[in-house]
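Engineer: Mind looking over this structure? Questions follow.
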Amino acid sequence: MTTGTTTLAEALAQARGRLAEAGLPDAAIEARLLIGGLLGLSGTEVFTGGDRVLRGDEQARITNAVERRLKREPVHRILGSREFHGMDLLLSKETLEPRPDTEILVDSLLPHVRRIVAAKGAARLLDLGTGTGAIILALLKESPEATGIGSDISEDALRTAAGNAARTGLAERFEAIRSDWFENISGRFDIIVSNPPYIRSDVIPSLEPEVRDFDPPAALDGGPDGLSPYRAIAAGAGDFLEKDGVIGVEIGFDQKEAVTAIFRSAGFEPVQAARDYGGNDRVLVFTVKEP
Ligand code: GLN
């Protein structure tokens, strides 16, 4: 390997400059994340290792990554993985990049998983449209007595979810199943969870390029009114949810009333709602309506 002439500090400054020049607001943070991630350095090592002279191949990888970021590819997609609920999860072409707000869905359901485990000694979980597996793997990680299925219509997503289950040591309690919502699912579950696509089709073109051009359209597009997946989930869930189970969904910021109405008319009642870090409605939890 050739030794280059650029130090880590110089590479960071150049990357930050190029990202800032392109108008990216978090240029300094992103330059550190990108270069630290590419070189396998911790945040501290990036700060303290400024004098390190980079090899030629390292410089080339950094240049390539900065070019990709300038085309608005998100930092974690370039790096190929991202942190979610304390796990480092692989991303792939057909998986939505897990968002910090989705951790609130996980945390809203954990008390229910614990309640069920306390009562039954086990809990069965189903994550519809699992993508990277982020939600269900976080729930399984926190609940050693639970087992679960992550379903998806995308084979690419299922491969990624299975890889993430292996990577987090959860493979024995996780199964990936190809299914269009409930189509290939059987049995009953204590917890059903989903972060379905919920963006209105006509809004997609106006999303930030990081989302519009790099998150998979099938994981974003919720149909003409953004609610189609909720209708499918609410219509099917009655046959798959245990009597004392709950169903938790992530929703768009303006969908609380509409999604609640969809679940009510399918025989469920709301038990919990949570807002995201920006103060927007983001999570709804339902149970089967008492007769
Ligand atoms: N929360 C994502 C966004 O804001 C959308 C995810 C989804 O449709 N489930 O882009």
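Here the working numbering is used: position 10 in the sequence shown is 860, and no number is missing along the way. All residues carry an ideal CB built from backbone N, CA and C; glycine is no exception. Since we're looking at a predicted model, the values are computed, not measured.
(1) Does the contact criterion of 3 or more C-beta pairs under 8 Å hold for the region 1066-1081 versus the region 984-999?
(2) Pull up the distance between the alpha-carbon of residue 847 and that of residue 1120, whole angstroms please.
(3) Hey, how far is the Cα of residue 1057 from the Cα of residue 1075?
(4) Could you say which of 1124, 976, 937 and 1108 lies nearest to residue 1078 if we only look at CA atoms?
(5) Taking just the CA atoms, how far does residue 989 sit from residue 1019?
(6) From residue 881 to residue 956, what distance separates their C-alpha atoms?
(7) Can the beta-carbon of residue 1011 be found less than 7 Å from the beta-carbon of residue 1026?
(8) Quick one: grab the DSSP three-state call for residue 1056.
(9) Considering only the beta carbon of each residue, do residue 1135 and residue 958 sit closer than 7 Å?
(10) Residues in its own chain within less than 7 Å of residue 1085 by CB, not counting five upstream and five downstream?
(11) Would the beta-carbon of residue 1061 be found less than 6 Å away from any heavy atom of the ligand GLN?
(12) Just to check my reading of the structure: residue 975 and residue 879 have Cβ atoms closer than 8 Å, yes? What is that Cβ distance to the nearest angstrom?
(13) Given 8 Å as the limit, is there contact between the region 859-868 and the region 882-892, that is, 3 or more CB pairs closer than that?
(14) Cα separation between residue 963 and residue 929?
Structural biologist: Let me spell this out:
(1) The region 1066-1081 vs the region 984-999: no contact.
(2) This structure does not reach residue 847, given that the chain is present from 851 up to 1141, and the question cannot be answered.
(3) Between residue 1057 and residue 1075, the C-alpha separation is close to 16 Å.
(4) Measuring from the Cα of residue 1078, the nearest candidate turns out to be 1108.
(5) CA-to-CA, the gap between residue 1019 and residue 989 works out to about 13 Å.
(6) Rounded to whole angstroms, residue 881 to residue 956 spans 30 Å at the Cα level.
(7) Taking 7 Å as the cut-off, the beta carbon of residue 1011 is found closer than this to the beta carbon of residue 1026.
(8) For residue 1056, the secondary structure class from DSSP, reduced to helix, strand or coil, is helix.
(9) Yes, they are a contact pair.
(10) Contacts found: 1116.
(11) Checking every heavy atom of the ligand GLN against the Cβ of residue 1061, one is found closer than 6 Å.
(12) Actually they do not touch by this definition, with Cβ atoms about 34 Å apart.
(13) Touching, yes.
(14) Spanning the two alpha carbons is a distance of roughly 33 Å.
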